[in-house]
Each structure stands twice: as structure tokens, then as C-alpha cells.
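Below is one structure; the comments refer to it alone.
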Ligand SMILES: Nc1ncnc2c1ncn2[C@@H]1O[C@H](COP(=O)(O)OP(=O)(O)O)[C@@H](O)[C@H]1O
Ligand SMILES: [Mg+2]
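Numbering (the working numbering), first residue to last: 122 to 489.
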């Protein structure tokens, strides 16, 4: 919005009736004047936009044309308050468009007085909040869905824990204890407990991120060093070969970042490359410094990811058709962490096959 200076107003005085009328007329909000019996006496462009009536269709009619049948009892108490000289502030309700469509609206209604202070009518300033309402409803719906999927995901390993503990109880109650059978039960209980822990950790991550409580502890870090150390630890525990291709100092691969969180991102990508990549093929990790950014890429030689799946796999709980262990939150959490750093995560499909995930981070740790 431009700032009007006194000069640009020209001959128009800021308090002239013309100027005030122009403000009302150009408002995006519906501004309606009415008498105390509800007759509409003024109707701006915002009102026309929100309610669909042209000024000549609205002026002279009763304000009740905007009130849906199931809300008609709202009007009397509002007029009662106006007569007492009270305002109704940011009242959220439903109104109806000329074409019959319902509109969520936030309205402030104030008494209008004449020069003697006598209340002669009212002004109503209404704002269409249908879009916000829909967005809130959608957010709530998504949260419900998220909770229900999460609960379902937690239940599956929990069911295994119970079933296996029950079996172990039975095995241990026998006079001749079959140690091999008990061991099998214990192993399955531990595997399910592992899965539960992973799920709970990831859910906590997500909850921290989405509530803005995940505080990044950024320190000046050499990304090449971090990638090398995470990769060699991962190679050791998994027994899978990882080739790191990173520039040596003095190449500037330092960035301000939360090393614990970025470690999590690298580990998630390596874990996927291991699970979904070709079993014998090495995983390639490249680190690159480029101006104000540092990037690292994790590349495997597996089947890659079909174009129509490339966005979906970043959504929570979205998993491919796979028997590999996992809960479908790794990429989601990785992307959230990268976004918190002001970076990006991209998925490339190299021409000679496989998947390549590229994480790019700003060196100065912009956007904390
Ligand atoms: N490197 C990869 N190659 C092929 N598919 C992958 C790769 N990384 C991820 N995916 C697909 O994306 C899905 C989601 O990955 P992720 O969020 O890490 O969850 P999870 O590994 O627990 O399934 C995986 O189930 C898999 O189908
Ligand atoms: Mg994963």
C-alpha cells in the first residue's frame, strides 16, 4: 500500500467527506450503514464483493437478507446492544451470499450517533473469514489423521510385544524350558521395542518441529568432516561400502548448522540408500562448496523413485511398497530439519539409475 502524502492528496483535505467516503468505498471489508430497525442505508464495494448484492439491490432492504434462516435470532440481541450504545466486536458468525452460499464472517458493529449524541443507526464492518475457517478445519483434519495413523503405527509393534511376552511366559512355565524358543521371543520383543523407540523419537521430532520448539543449536561446522565421520560410522555398523568425495581444506565447506540434526539427516539418507539401493553397490556421498552454500548428496544404485512418487515420499508415514523396516518418517523429518536451516532437499534421478538426494545449506545459517 502506498503512503499518501499531503501533496499527493491534492485539493482533497484528509477529513473532507469525499476523502472519508473514498476510504470506505475502497475498503476490502464490507462496510454497511443501517438504521436501528435494520434498514440498509449505505453499502460499499467490499459489501458488494462479499455479499454479492449491488448497492441498488441492497440499500433500502433489511439487513436480515444477509442472515441465514438458522441464525435469525442473532439480530435482536445485537440491536438491543446497539441501542444501549454498546459495540459488538469481532463477532464471528455466518452470513449468506446473494447466491445462497454461506460465508464465515467476522463483524464489528458499532452505534452511530448524531451531533447531539443520539444513536441514530449502526455501522457494520465485516470481513470474510471463510478461507481461514477452511484452512483451520483442514489443519485440524490433518492433525486428526496424523494422530490416528501414528496411534495405528504404534499399535502394531506393541501387539507383537504382548504376543511374544505371552509366548515367553508360557515357554518359561514349562518344566523343560526351551531356551531357543524363549530367545526367539526375546529377540522379537526387542525388535518391536526398537521400532517403538524409533517411532516415538520421530514423533517427538515432528511435534517439536511443528510447534516451533525444535531449537537449532548452530555452530560453525565443517560439513565435509561431518559427512566423513557420519559416513564412516554408518559404514562400520552396516558393513556397507560408502565412498565419500569431499574437497579438502582450504576449500570452504564450513557452515553454521546444528551438527546433531544434520547428522540425523545424513544418517536417514544413508539408511534409505542402504535399504532401497542395490545390495552390493557402494553408496556415493559428494560434498560441495558453492559460493554462499554447502551441499551434500547421497546417491545409491537402486531402482530409484518413480516421478509420481517424488513428492509423496516426503509426506509423513508415506512408504513405498517395501518389506524393509521403517516407519515412513525419515524423509519427512529430514526435510523439516533442512528447511529449519533455511536449506533445501532435492531428489534427482541420475541418467544411469538410482536415487540421488541433494541437501543444500546456507553457510551463514540464515533464518534461525
Ligand atoms: N534411496 C531410495 N531409493 C528408493 N526409494 C526410496 C529411497 N529413499 C526413500 N525411498 C522411498 O521413500 C519412502 C519413505 O522413506 P522414509 O521417509 O525414509 O521412510 P522409511 O525409510 O521408514 O520407509 C520409503 O519407504 C521408500 O519407498
Ligand atoms: Mg527411511
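Even for Gly, the Cβ is constructed at its ideal location relative to N, Cα and C. These figures come from a predicted structure and were not determined experimentally.
Within a Cβ cutoff of 8 Å, which residues of the same chain sit near residue i, ignoring the five residues on either side of it in sequence?
i	result
residue 372	345 and 410
residue 437	267, 270, 327, 449, 450 and 453
residue 189	215, 216, 217 and 223
residue 306	285, 286, 288, 289 and 292
residue 489	Per-residue confidence for residue 489 stands at a pLDDT of 44, beneath the threshold of 50, marking its modelled position as unreliable; the derived number appears in the next sentence. Answer for residue 489: 337 and 339, listed in chain order.
residue 378	337, 339, 340, 342, 344, 462, 482 and 486
Under the rule that 16 or more other beta-carbon atoms within 10 Å means buried, what is residue i, buried or exposed?
i	result
residue 455	buried
residue 457	buried
residue 478	buried
residue 331	exposed
residue 274	buried
residue 380	buried
residue 462	buried
residue 383	buried
residue 299	exposed
residue 444	exposed
residue 122	Unreliable placement is indicated for residue 122, whose pLDDT of 44 sits below 50; the coordinate value is still reported in the next sentence. Residue 122 is exposed by the Cβ-count criterion.
residue 176	exposed
residue 304	exposed
residue 241	exposed
residue 155	buried
residue 135	exposed
residue 106	Because the chain here runs from 122 to 489, residue 106 falls outside it and cannot be looked at.
residue 142	exposed
residue 340	exposed
residue 398	buried
residue 264	exposed
residue 333	exposed
residue 144	exposed
residue 374	buried
residue 238	exposed
residue 408	buried
residue 308	exposed
So, for residue i: in the same chain, excluding its five sequence neighbours on each side, which residues have a beta-carbon less than 7 Å away from its beta-carbon?
i	result
residue 148	165 and 167
residue 219	172, 173 and 174
residue 365	348, 349, 352 and 406
residue 464	480, 481, 482 and 483
residue 433	439
If distances are taken between C-alpha atoms only, which option among the options comes closest to residue i?
i	options	result
residue 150	308, 244, 399 and 188	244
residue 385	348, 400 and 276	348
residue 337	137, 160 and 460	460
residue 392	416, 356, 376 and 252	356
residue 225	252, 303 and 314	252
residue 317	401, 468, 278 and 139	278
residue 469	442, 440, 426 and 484	426
residue 403	413, 370, 360 and 354	360
residue 160	441, 187 and 209	187
residue 320	446, 335, 239 and 206	446
residue 213	265, 229, 204 and 207	229
residue 390	412, 413 and 435	435
residue 227	246, 221, 280 and 237	246
residue 283	400, 311 and 369	311
residue 157	363, 401, 205 and 414	205
residue 324	254, 308 and 272	272
residue 367	485, 466 and 418	418
residue 234	259, 208, 255 and 257	208
residue 376	210, 387, 413 and 354	413
With a threshold of 6 Å on Cβ separation, who are the neighbours of residue i within its own chain once the five nearest residues in sequence on each side are excluded?
i	result
residue 171	151 and 249
residue 395	359 and 361
residue 203	232 and 243
residue 221	none
residue 163	154
Residues surrounding ligand 2 [beta-carbon distance to nearest heavy atom under 6 Å]: 389, 392, 393, 447 and 451
Tell me whether the stretch 198-212 and the stretch 175-182 touch, counting them as touching only if at least three CB pairs, one residue from each stretch, are closer than 8 Å. no
Using 8 Å as the threshold, is the stretch 468-476 in touch with the stretch 414-428, meaning 3 or more CB pairs across them? yes
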